[in-house]
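Residue numbers (mature numbering (1 follows the signal peptide of the UniProt record, and there is no 0)): -18 to -1, 1 to 443. Beta carbons are placed, not taken as given, at the ideal position from N, Cα and C, and that holds for glycine.
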């Protein structure tokens, strides 16, 4: 929803394109936004999903997010509340309770629109469809083709139009095209977000809309590209996915700042037009509070506001905490079962691009021995990067003419993270159990765990 306030003044002026314009007739657009919630129902910390110590390092969580949003709504009753996606996944709350608890608490907030994040597909279309059906606010995705995925048909729309005070404000939704390799979207096709922006912006302008917002789960760099190359009719991009903290000055959390709030991008096709881009980190550590003033032609005049750091100076909503209690009991009972111990921290920092201790532990749990020692050369062309593969403890060389039994998580076996060779080349697939159960058995048998990287994956530059 839009806060529209009529300012009458003949003494105050601002500049647009070098010309003086009185504040008379300006519209105030208030936007409250957050992104990448990632199942942070309880307090979190800057570096870890949960807050293990009841001290000043605890921050965020849904009760605090709710409290601050509702306070801003009381101050700005016609403000727009936007969620830029990735509400699923990230803590045991989602692992255990899935979409059910997510929709319950998302629906407690007066959202005007949701974007769909890539993690919303982590349990496939069948895990997303009931969530979309349950949400009260519109769900937006202009670059998502579900014609071959009946479960998701008619559950979202490319854009919406909000009308306030005689002005039309359009909101376009986008999702990252990387969802195909990052998650499990089934037969969903993700089209070019830049082309989708052009198409929907034209539809909106043809309908007389002169203020357009893009609600994007594409990441900051793609958002900049959209603004620069396809932002002629776009005024504001409210983003997510890249977990980018935009802040003016050093961040109170100590995190790396990715740019100013907002980022201003000049469009290449219309030099005098600038697009404002905002994003608010992730995990309920921050939320955004942006006010933009437009003239009667829908042109940006000035802005106010900034991100809000959700530390303990902001109170939690006690009624929301009470609603969370029965779910918290289930989650804590499930996650506080002592399985075993580790003598060192299990790192995940290098898992995506190389060997890491947690990855080694998971492989050891699935095979009970190191099944492959692989050397890669990432400078070689795709399909030719494996230099050598030695099998198991014997060190035998891989035979290209033989089939081998390979153990892998279902996500990778189905082509996740770009491992399409598993999806297209596998045969005689057998599900041997859930990975967390296999890991639990291994840890119980081998505790205390002392796993170190041992060079089983070698990457040549």
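Going by Cα to Cα distance, which pick from 53, 79, 72 is closest to residue 63?
-> Within the chain shown, residue 63 is the residue found at index 81, counting from 1. Nearest Cα to residue 63 within the set 53, 79, 72: 53.
Using alpha carbons as the reference points, say which of 219, 120, 189, 9 lies closest to residue 197.
-> Within the chain shown, residue 197 is the residue found at index 215, counting from 1. Among 219, 120, 189, 9, the Cα nearest to that of residue 197 is on 219.
Could you tell me the boundaries of the beta strand (DSSP E) in which residue 313 lies?
-> As a working mapping, residue 313 is identified with position 331 in the chain shown. Run containing residue 313: none in the beta strand (DSSP E); it sits in the alpha helix (DSSP H), 300 to 317.
With residue 195 as the anchor, note down where its beta strand (DSSP E) starts and where it stops.
-> Residue numbering aside, residue 195 sits at position 213 when the chain shown is read from its first letter. It spans 193 to 199 - the beta strand (DSSP E) in which residue 195 sits, taken as one unbroken run.
Quick one: is the Cβ of residue 441 within less than 7 Å of any heavy atom of the ligand MN?
-> For the structure depicted, the ligand MN is absent and the ligand set is empty, with no information on it obtainable.
Can the beta-carbon of residue 212 be found closer than 8 Å to that of residue 180?
-> Mapped onto the chain shown, residue 212 falls at position 230. Mapped onto the chain shown, residue 180 falls at position 198. The answer is yes: Cβ separation under 8 Å.
Whole-angstrom Cβ separation of residue 436 and residue 326, contact assumed at under 8 Å?
-> Sequence index remark: in the chain shown, residue 436 carries index 454 (1-based). Sequence index remark: in the chain shown, residue 326 carries index 344 (1-based). Between residue 326 and residue 436 the Cβ distance is about 14 Å, and since that is not below 8 Å, they are no contact.
Grab me the residues of residue 46's own chain with a C-beta within less than 6 Å of its C-beta, minus the 5 sequence neighbours each way, in chain order.
-> Along the chain shown, read from residue 1 onward, the residue named residue 46 stands at position 64. Correct list, in chain order: 292, 296, 298.
Classify residue 230 as buried or exposed, calling it buried when 16 or more other Cβ atoms lie within 10 Å of its own Cβ.
-> Counted from its first residue, the chain shown places residue 230 at position 248. Residue 230 should be labelled exposed.
Those runs of the alpha helix (DSSP H) which lie wholly inside the region 77 to 109 and span at least 4 residues | Taking only runs of at least 4 residues, no alpha helix (DSSP H) segment lies wholly in the region 77 to 109.
In three-state DSSP terms, what is residue 60?
-> To locate residue 60, count along the chain shown from 1; it is residue 78. In the structure shown, residue 60 sits in coil (DSSP, three-state: anything other than H, G, I, E or B).
Go to residue 207, then tell me how far its alpha helix (DSSP H) extends in each direction, as first and last residue.
-> Walking along the chain shown from the start, residue 207 turns up at place 225. Run containing residue 207: 202 to 212, per the alpha helix (DSSP H) assignment.
Output the distance between the C-alpha atoms of residue 111 and residue 369, rounded to the nearest integer angstrom.
-> Within the chain shown, residue 111 is the residue found at index 129, counting from 1. Within the chain shown, residue 369 is the residue found at index 387, counting from 1. Spanning the alpha carbons of residue 111 and residue 369 requires a straight line of approximately 43 Å.
Reduced DSSP secondary structure (H/G/I, E/B, other) of residue 65 = Taking the first residue of the chain shown as 1, we reach residue 65 at position 83. Residue 65 sits in a strand when the DSSP states are folded into three classes.
Classification of residue 403 by the beta-carbon crowding that lies within 10 angstroms, buried from 16 upward = Position 421 of the chain shown, counted from the first residue, corresponds to residue 403. That one is exposed.
Bridge partner(s) assigned by DSSP for residue 285 = What you label residue 285 is simply residue 303 of the chain shown in a count that begins at 1. In the DSSP assignment, residue 285 is bridged to 274.
Residue 217 classed as buried or exposed, judged by whether at least 16 other C-beta atoms fall within 10 angstroms | On the chain shown, residue 217 is found 235 positions in, with the first residue counted as 1. Of the other Cβ atoms in all chains shown, 16 or more fall within 10 Å of the Cβ of residue 217; this residue is therefore buried.
Are residue 240 and residue 202 close, meaning C-beta to C-beta below 8 Å?
-> Indexing the chain shown from 1 puts residue 240 at position 258. Indexing the chain shown from 1 puts residue 202 at position 220. By the CB criterion at 8 Å, residue 240 and residue 202 fall inside the cutoff.
Extent of the continuous alpha helix (DSSP H) to which residue 12 belongs | Within the chain shown, the letter at position 30 stands for residue 12. It is not in any alpha helix (DSSP H) - residue 12 instead sits in the beta strand (DSSP E) that spans 9 to 16.
If we ignore side chains and look at the alpha-carbon of each, how far apart do residue 215 and residue 94 end up?
-> Your numbering for residue 215 matches position 233 in the chain shown. Your numbering for residue 94 matches position 112 in the chain shown. Our two residues, residue 215 and residue 94, have alpha carbons roughly 21 Å apart in a direct line.
Roughly how far, in whole angstroms, is the beta-carbon of residue 222 from the beta-carbon of residue 18, given that I think they are within contact range, below 8 Å?
-> Here residue 222 corresponds to residue number 240 of the chain shown, with the count starting at 1. Here residue 18 corresponds to residue number 36 of the chain shown, with the count starting at 1. The Cβ separation is near 5 Å, so the contact holds.
Consult DSSP for residue 4 and reduce its assignment to one of helix, strand or coil.
-> Stepping through the chain shown from its first residue, residue 4 is reached at position 22. Legend: pLDDT at residue 4 = 43, less than 50; position of this residue unreliable, value from coordinates given subsequently. If DSSP states are grouped into helix, strand and coil, residue 4 belongs with the strands.
Going by beta carbon distance, what residues of the same chain come within less than 7 Å of residue 264, once the five residues before and after it are set aside?
-> Here residue 264 corresponds to residue number 282 of the chain shown, with the count starting at 1. Its chain contains 17, 18, 20, 225 as the residues whose beta carbon lies nearer than 7 Å to that of residue 264, once the 5 sequence neighbours on both sides are disregarded; these appear in chain order.
Terminal residues of the beta strand (DSSP E) in which residue 341 lies | Residue mapping note: residue 341 aligns to position 359 of the chain shown, counting from 1. Membership of residue 341 in any beta strand (DSSP E) is not indicated; the residue belongs instead to the alpha helix (DSSP H) covering 339 to 349.
By Cβ distance, which residues of its chain are closer than 6 Å to residue 317, with the 5 residues on each side in sequence left out?
-> By 1-based counting over the chain shown, the position of residue 317 is 335. Excluding sequence neighbours, residue 317 sits near 74.
For residue 268, which three-state DSSP category applies?
-> Within the chain shown, the letter at position 286 stands for residue 268. The three-state reading of DSSP puts residue 268 in strand, counting E and B together.
Taking 8 Å as the threshold, find out whether the region 67 to 84 comes into contact with the region 101 to 109 through three or more Cβ pairs.
-> Two segments are said to touch when three or more pairs of C-beta atoms, one from each, lie closer than 8 Å; by this definition the region 67 to 84 touches the region 101 to 109.
Okay, do the region 128 to 135 and the region 154 to 165 touch, 3+ Cβ pairs below 8 Å being the bar?
-> No: the two stretches stay apart, fewer than three of their Cβ pairs being nearer than 8 Å.
If residue 151 and residue 195 are in contact, beta carbons under 8 Å, what's the gap, nearest whole angstrom?
-> Counting from 1 along the chain shown, the entry for residue 151 is found at position 169. Counting from 1 along the chain shown, the entry for residue 195 is found at position 213. Right, the Cβ-Cβ distance comes to about 7 Å (below 8 Å), so this counts as a contact.
Under 8 Å between C-beta atoms, does residue 330 make it to chain D?
-> As a matter of chain content, chain D is missing from the structure shown, which is built from one protein chain.
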